[in-house]
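Since the structure comes first, as structure tokens, the remarks are kept for the end.
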Amino acid sequence: MTLQQLKYAVCTAECKSMNKAASKLFISQPSLSGTIRDLEEEIGMKIFSRSNRGITITPEGEDFLGYARQILQQYQLMEEKFIEKKKPKQKFSVSMQHYTFAVQAFIEMAKDFGMDDFEFAVHETKTHEVIENVRNQKSEIGILYLNDFNRQVMGKIFQENAVEFTELFDCGIYVFLWKGNPLAQKELIEFEDLKDYPCLSFEQGDENSFYFAEEVFSTYDYKQIIKTDDRATILNLMIGLNGYTLCSGIICNDLNGNEYAAVPLHTDEKMHIGYIKKKGMPLSRLGERYISELRKFEKNIL
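First residue of the sequence shown? That's 127 in my numbering, and the numbers climb one at a time after it.
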């Protein structure tokens, strides 16, 4: 197995096409196909499934490519430091469901370490992409929640993707809404109170599943529901349509502003918020610091 083979495999995965990857690598398509085939024979598994419609990455291939990317990144750091004599930038990436506090923790970590010596990435995205990004090492850490409803299924998905979940804290369920909404004046909200207002939910795309929903009570038969994939849009809909969403109650006014409120929902349900990482891989120094910043938000739980 050579670095060139790993580079070719990763490039093919990124391009999702043998022809496009060959063009990017300045080699012929048959030469690339032969190199990938030799690599697959050496490791004893298929990295890509081939068909008339193109290529797709196999589950085993996703796992292999995660390690390949890590090796190539380490090689690049060594090359920059010892050959090009450049001071390499350390990289850190996190993927998350749509949690403002997780973004705020990222901001605090980035400010503390500074931007000159580090290359940061943050992906606020769909649940299945959070898991996928950690599995293939696009992100070191993924932030999401478990509850009684999704725990068993999500645990199986974690196991299949070789990631492990660590709980940070648990919290009750709150109705997050605009302060101008009549319900914002209540001390406790019942489900019956919500029927005349649109429920705002994050779209999960092609991988949609009740178990992947970012909001608890995903199977509840809401009278009105609007799906979106953008946190800023949800905030606008709260004001424009008096919509609401269900959340952890951990509020970050620094990012969301002071126009919104979180009112307890009458339920015994709990959200267990935590992080996932690649199984067996220790956290980096940046990862440990990010988790430390996240833990500080436990005191913000209402």
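All residues carry an ideal CB built from backbone N, CA and C; glycine is no exception.
For residue i, the three-state DSSP class (helix, strand or coil)
{"i": "P390", "result": "strand"}
{"i": "G192", "result": "helix"}
{"i": "V301", "result": "strand"}
{"i": "K422", "result": "helix"}
{"i": "F152", "result": "coil"}
{"i": "L412", "result": "helix"}
{"i": "A339", "result": "coil"}
{"i": "I376", "result": "coil"}
{"i": "M222", "result": "strand"}
{"i": "E329", "result": "coil"}
{"i": "E245", "result": "strand"}
Cβ neighbours of residue i in the same chain (closer than 6 Å, five flanking residues each side left out)
{"i": "I257", "result": "N287"}
{"i": "E186", "result": "M171"}
{"i": "G400", "result": "F291, T292, E293 and L294"}
{"i": "F423", "result": "F227 and I376"}
{"i": "K142", "result": "none"}
N- and C-terminal bounds of the alpha helix (DSSP H) containing residue i
{"i": "F291", "result": "Segment V289 to C297 is the beta strand (DSSP E) holding F291; no alpha helix (DSSP H) there."}
{"i": "Q155", "result": "Q155 to I169"}
{"i": "T138", "result": "L129 to C141"}
{"i": "V279", "result": "R277 to E286"}
{"i": "K237", "result": "T226 to F239"}
{"i": "T182", "result": "Careful: T182 lies outside any alpha helix (DSSP H), inside the beta strand (DSSP E) at G180 to I183."}
{"i": "G366", "result": "R357 to L367"}
{"i": "E258", "result": "T253 to R261"}
Own chain residues within Cβ distance below 7 Å of residue i, not counting five before or after
{"i": "E340", "result": "Q223, H224, T253 and F328"}
{"i": "E419", "result": "A231, E234 and M235"}
{"i": "T393", "result": "I299"}
{"i": "K133", "result": "L198"}
{"i": "I360", "result": "L326, T354 and T371"}
{"i": "Y348", "result": "C325"}
{"i": "A148", "result": "S154, Q155 and L158"}
{"i": "L381", "result": "T226, V229 and Q230"}
{"i": "A135", "result": "I162, L165, I173, L191 and A194"}
{"i": "S265", "result": "S219, V220, S221, H249 and N259"}
{"i": "S344", "result": "F336"}
Whole-angstrom distance between residue j and residue i, CA atom to CA atom
{"i": "F275", "j": "Y337", "result": "8 Å"}
{"i": "L412", "j": "Q216", "result": "9 Å"}
{"i": "V342", "j": "C373", "result": "8 Å"}
{"i": "G268", "j": "E414", "result": "13 Å"}
{"i": "N273", "j": "Q330", "result": "18 Å"}
{"i": "G406", "j": "I365", "result": "45 Å"}
{"i": "F246", "j": "I169", "result": "32 Å"}
{"i": "L314", "j": "K404", "result": "39 Å"}
{"i": "I181", "j": "K146", "result": "12 Å"}
{"i": "L151", "j": "L129", "result": "14 Å"}
{"i": "L270", "j": "R261", "result": "14 Å"}
{"i": "R277", "j": "L367", "result": "33 Å"}
{"i": "N384", "j": "M280", "result": "34 Å"}
{"i": "S410", "j": "I402", "result": "14 Å"}
{"i": "E140", "j": "L309", "result": "47 Å"}
{"i": "D238", "j": "H398", "result": "27 Å"}
{"i": "Q429", "j": "L320", "result": "Residue 429 is absent from the model: the chain starts at 127 and stops at 428."}
{"i": "K312", "j": "K425", "result": "23 Å"}
Limits of the beta strand (DSSP E) - the one that residue i falls within
{"i": "L372", "result": "Y370 to C373"}
{"i": "A310", "result": "That residue, A310, is in no beta strand (DSSP E); it is neither H nor E in DSSP."}
{"i": "I267", "result": "I267 to L272"}
{"i": "S177", "result": "F174 to S177"}
{"i": "I399", "result": "M397 to K404"}
{"i": "T354", "result": "I351 to T354"}
Neighbourhood of residue i by C-beta distance below 8 Å, restricted to the same chain and skipping five residues each side
{"i": "L363", "result": "P324, L326, I352, T354 and G369"}
{"i": "Q196", "result": "Q263"}
{"i": "D416", "result": "Checking the sequence shown, residue 416 turns out to be Tyr, not Asp. Excluding residues within five positions, the ones whose Cβ falls inside 8 Å are F218, V220, A231, F232, M235 and I267."}
{"i": "V389", "result": "Y300, V301, L303, L309, A310, K312, E313, L314 and I315"}
Rounded distance between the beta-carbons of residue j and residue i, thought under 8 Å
{"i": "L303", "j": "A387", "result": "6 Å"}
{"i": "T184", "j": "S177", "result": "That pair is no contact at about 12 Å."}
{"i": "C297", "j": "K396", "result": "7 Å"}
Check: residue i C-beta below 7 Å from any heavy atom of the ligand SAH
{"i": "F218", "result": "In the structure on display, the ligand SAH does not appear, and there are no ligands present to speak of."}
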